[in-house]
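For reference, the structure discussed in these notes is given below.
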Amino acid sequence: MPLQKFIFNPGINREGTSYTAEGGWYDGNLVRFRKGFPEKIGGWEKDTSNSYLGTGRAIHAWVTVSGTKLLGLGTRYKLYVQEGDVFYDITPIRATTSAGDVTFAATDGSSTITATDTSHGASEGDFVTFSGAASLGGNVLAAVLNQEYQIATVPTANTYTFAAKDTSGDEVTANSSDSGNGGSSVVGAYQISSGLDVFVSSTGWGASTWGDGTWGSTSALTDKNQLRLWSLDNFGEDLVACPRAGGVYYWDNSVTVNTRGTALADLTGANYAPTVGLQVLVSDIDRHIIVLGADPIDERINARSDVLDPLLIVWSDQESVTEWEPKSTNTAGSLRCSAGSEIIGGLRARQETLIWTDTALYSLQFIGAPYTFGLNLINEGISLMGPNTCINTPAGIFWMDRKGFYHYTGSVSPLPSSVHSYVFDDINEGQSYQFFAFLNKQFDEVGWFYCSSSATVIDRYVTYDYVANTWSIGQLSRTAWLDEGVVSYPRAAGLSGSTYYLYAQETGNDDDGSPMDDVYVESADFDIGEGEEFQFIRRMIPDLKFTGDGGSDQVLNVVLKTRDYPADSLTTSSTTAVTASTTKVDLRARARQAVVRFESDDDASSEERLGVGFRVGGTRLDIQPAGRR
Numbered sequence: 243m244p245l246q247k248f249i250f251n252p253g254i255n256r257e258g259t260s261y262t263a264e265g266g267w268y269d270g271n272l273v274r275f276r277k278g279f280p281e282k283i284g285g286w287e288k289d290t291s292n293s294y295l296g297t298g299r300a301i302h303a304w305v306t307v308s309g310t311k312l313l314g315l316g317t318r319y320k321l322y323v324q325e326g327d328v329f330y331d332i333t334p335i336r337a338t339t340s341a342g343d344v345t346f347a348a349t350d351g352s353s354t355i356t357a358t359d360t361s362h363g364a365s366e367g368d369f370v371t372f373s374g375a376a377s378l379g380g381n382v383l384a385a386v387l388n389q390e391y392q393i394a395t396v397p398t399a400n401t402y403t404f405a406a407k408d409t410s411g412d413e414v415t416a417n418s419s420d421s422g423n424g425g426s427s428v429v430g431a432y433q434i435s436s437g438l439d440v441f442v443s444s445t446g447w448g449a450s451t452w453g454d455g456t457w458g459s460t461s462a463l464t465d466k467n468q469l470r471l472w473s474l475d476n477f478g479e480d481l482v483a484c485p486r487a488g489g490v491y492y493w494d495n496s497v498t499v500n501t502r503g504t505a506l507a508d509l510t511g512a513n514y515a516p517t518v519g520l521q522v523l524v525s526d527i528d529r530h531i532i533v534l535g536a537d538p539i540d541e542r543i544n545a546r547s548d549v550l551d552p553l554l555i556v557w558s559d560q561e562s563v564t565e566w567e568p569k570s571t572n573t574a575g576s577l578r579c580s581a582g583s584e585i586i587g588g589l590r591a592r593q594e595t596l597i598w599t600d601t602a603l604y605s606l607q608f609i610g611a612p613y614t615f616g617l618n619l620i621n622e623g624i625s626l627m628g629p630n631t632c633i634n635t636p637a638g639i640f641w642m643d644r645k646g647f648y649h650y651t652g653s654v655s656p657l658p659s660s661v662h663s664y665v666f667d668d669i670n671e672g673q674s675y676q677f678f679a680f681l682n683k684q685f686d687e688v689g690w691f692y693c694s695s696s697a698t699v700i701d702r703y704v705t706y707d708y709v710a711n712t713w714s715i716g717q718l719s720r721t722a723w724l725d726e727g728v729v730s731y732p733r734a735a736g737l738s739g740s741t742y743y744l745y746a747q748e749t750g751n752d753d754d755g756s757p758m759d760d761v762y763v764e765s766a767d768f769d770i771g772e773g774e775e776f777q778f779i780r781r782m783i784p785d786l787k788f789t790g791d792g793g794s795d796q797v798l799n800v801v802l803k804t805r806d807y808p809a810d811s812l813t814t815s816s817t818t819a820v821t822a823s824t825t826k827v828d829l830r831a832r833a834r835q836a837v838v839r840f841e842s843d844d845d846a847s848s849e850e851r852l853g854v855g856f857r858v859g860g861t862r863l864d865i866q867p868a869g870r871r
């Protein structure tokens with residue numbers, strides 16, 4: 243019997259069983275489909291050897307008039323601006339004490355220092371910088387105290403602890419002479435509070451201690467009781483930033499790169515600037531700063547209320563950072579969504595801003611004087627899975643909600659998916675605020691990173707090729723993404739061990755200098771005719787193109803799996819390592835159904851596995867009928 247050519251349909255199809263998906267690909271990891279054929283995705287490497295503190299949740303890049311490339315990064319703990327290879331800490335200060343308000347106490351033989359500051363308002367994980375402190379008398383010198391510290395514990399509303407260190411970061415242990423309190427000149431500068439790294443169900447709306455408040459009362463959304471998410475945008479050369487349910491901040495590029503951000507309300511000339519918000523962005527063309535979920539103006543006290551209204555949209559005067567009071571002489575103003583209970587997220591689109599509440603989708607459009615913006619309801623019964631699960635692409639707006647994927651090009655349409663069940667039947671919706679959408683324009687891909695049902699941190703991704711209309715799935719942990727443009731490669735926030743880095747994606751073929759593990763693509767079941775007859779498989783003619791920089795030693799495993807009935811488990815019949823010079827693979831397998839799998843050779847040496855890239859073409863198999871029994 244002549245060789246049979248198998249060219250499987252592009253994309254992963256998981257909407258049925260492997261048997262019903264005959265003629266296609268059923269599973270894969272770290273592969274994409276390009277021009278109809280599966281290939282290994284590009285590798286990644288650290289953008290810089292410099293790390294940062296905390297899980298990265300937002301990345302935004304822009305270019306100054308002078309041509310300087312800047313990148314803003316918001317993490318669980320900090321707000322940074324990256325210039326070159328350096329991350330500059332621009333985290334705003336929420337409070338600065340008067341001299342002498344902070345005192346210290348040390349214990350002989352311990353590195354733990356207890357700080358006393360009445361009603362300090364700090365939480366575990368927050369950062370404080372001390373200045374003006376004197377030596378405690380022994381090992382705890384002035385230079386030890388006058389540094390930035392992360393708060394370890396908060397025993398009371400008036401005290402907290404931290405671990406003493408020297409200027410190189412090594413632990414310092416107090417001795418019996420450390421009996422002082424730091425003197426009367428100590429000043430503590432408290433950075434804005436850190437947020438949660440993983441969503442906790444007892445936080446957010448209704449968060450409080452048991453029995454606190456009246457029955458059914460809710461607690462305010464604050465930056466402390468929320469998963470720490472950031473929204474970032476540039477206003478010209480400067481950066482606007484907002485930790486969800488926290489303050490709205492402004493970083494002025496004209497000062498120095500390590501100048502800290504400042505609350506909008508604290509800027510010189512600020513007038514009715516919002517003090518809290520869910521998200522900040524800058525509108526297209528008309529250049530208004532827009533805050534979603536802001537605090538309204540309290541007419542009684544002629545000021546912002548400091549209480550977040552989760553459905554309120556406010557915007558500044560055109561081209562202004564400081565003017566927020568609506569007047570007949572400016573374009574500042576506000577509107578309120580009528581559907582839903584909270585704005586989930588917003589996205590700048592073409593000549594409009596899309597805004598999702600928990601029950602509806604709105605379009606905010608600039609219409610000019612006297613109303614400035616108009617707010618139109620597009621769809622009800624639709625929302626976002628999380629604040630960052632929407633993305634603007636050359637093919638329109640894509641997003642994920644709790645029911646599926648959607649597409650917007652002036653009207654809303656569901657996005658059919660061949661992996662819908664795979665994703666939504668195994669997803670941790672409780673961590674949905676961690677999920678985010680990403681664009682990889684070089685490969686016409688839009689995708690989402692998310693948590694599988696058993697995970698509390700991101701461990702999976704799903705991608706959609708909006709040109710070829712194909713889907714891919716895989717396992718990879720990233721917490722934020724920025725597509726190429728200002729930066730030469732996509733940038734993604736990730737973790738190496740316990741250290742946080744930005745990674746340049748789609749560069750090389752390896753995992754930051756190590757071989758990329760568990761790369762594979764696997765076909766659905768195939769058989770002879772209607773599957774009644776057994777098939778005897780004797781030989782395979784592989785059609786592979788090695789695309790990496792690993793030279794002639796690049797190797798890939800070809801695996802043949804078989805079973806007699808769809809309900810049977812697959813059995814591996816053969817695993818053969820192939821190279822660019824492999825002309826054929828001898829096999830010996832007999833079964834009704836078979837599956838072919840191409841996978842990385844994870845048992846090979848690192849030298850053999852480095853630099854391996856591949857693309858799968860058409861596979862030919864020598865298959866003969868072997869009867870019905």
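The sequence shown begins at 243 in my numbering and counts up by one.
All C-beta atoms in this analysis are idealised placements derived from N, C-alpha and C, irrespective of residue type, glycine included.
These numbers were taken from a predicted model, which means no experiment stands behind them.
Going straight from the alpha carbon of residue i to that of residue j, what length do you get?
i             : j              : result
arginine 834  : valine 688     : 38 Å
serine 815    : valine 661     : 28 Å
valine 858    : leucine 786    : 5 Å
proline 397   : threonine 403  : 8 Å
serine 605    : arginine 590   : 10 Å
aspartate 686 : threonine 317  : 28 Å
tyrosine 319  : tyrosine 742   : 12 Å
aspartate 845 : alanine 735    : 29 Å
serine 361    : lysine 569     : 39 Å
glutamate 325 : alanine 822    : 43 Å
valine 729    : leucine 474    : 16 Å
tyrosine 650  : proline 629    : 17 Å
valine 820    : isoleucine 301 : 41 Å
tyrosine 807  : aspartate 667  : 25 Å
If contacts are defined as beta-carbon pairs under 8 Å, then residue i and residue j qualify, I think. What distance do you get, rounded to the angstrom?
i              : j             : result
glycine 437    : proline 485   : 6 Å
serine 625     : aspartate 600 : 5 Å
arginine 644   : glutamate 764 : Incorrect: roughly 29 Å between the Cβ atoms, too far for contact.
valine 386     : aspartate 412 : 10 Å between Cβ atoms; not a contact.
tryptophan 304 : threonine 749 : Not a contact, Cβ separation roughly 22 Å.
Tell me whether residue i sits in a helix, a strand or coil according to DSSP, three-state version.
i                 : result
glycine 587       : strand
alanine 507       : helix
lysine 288        : strand
aspartate 795     : helix
lysine 311        : strand
glutamine 468     : coil
histidine 662     : helix
phenylalanine 685 : helix
alanine 809       : coil
tyrosine 675      : helix
aspartate 410     : The sequence shown places serine at residue 410, not aspartate. Reduced to three states, the DSSP call for serine 410 is coil.
valine 305        : strand
alanine 836       : strand
valine 386        : helix
glutamate 764     : strand
serine 848        : helix
serine 714        : strand
Can the beta-carbon of residue i be found less than 8 Å from the beta-carbon of residue j?
i              : j                 : result
isoleucine 865 : glutamine 246     : yes
glutamine 777  : alanine 868       : yes
alanine 722    : phenylalanine 677 : no
glycine 271    : tyrosine 708      : First, the amino acid is wrong: residue 271 is asparagine here, not glycine. Not a contact, by the Cβ cut-off of 8 Å.
serine 655     : glycine 646       : no
asparagine 799 : threonine 824     : no
aspartate 537  : serine 547        : yes
isoleucine 597 : leucine 657       : no
valine 699     : serine 719        : yes
leucine 315    : glycine 342       : no
leucine 378    : serine 421        : yes
glycine 363    : alanine 337       : yes
Are the C-beta of residue i and some C-beta of chain B separated by less than 8 Å?
i              : result
asparagine 751 : Any reference to chain B falls outside this structure, which holds one protein chain only.
(message) Would you call the region 430-441 in contact with the region 361-371, where contact means no fewer than 3 C-beta pairs closer than 8 Å?
(response) yes
(message) Counting beta carbon pairs with one atom in the region 253-267 and one in the region 668-687, are three or more of them shorter than 8 Å?
(response) no
(request) Would you be able to state if there are at least three C-beta pairs under 8 Å between the region 521-528 and the region 481-497? (result) yes
(message) Count Cβ pairs between the region 379-396 and the region 350-364 that sit closer than 8 Å; are there 3 or more?
(response) yes
(message) Counting beta carbon pairs with one atom in the region 272-281 and one in the region 293-313, are three or more of them shorter than 8 Å?
(response) no
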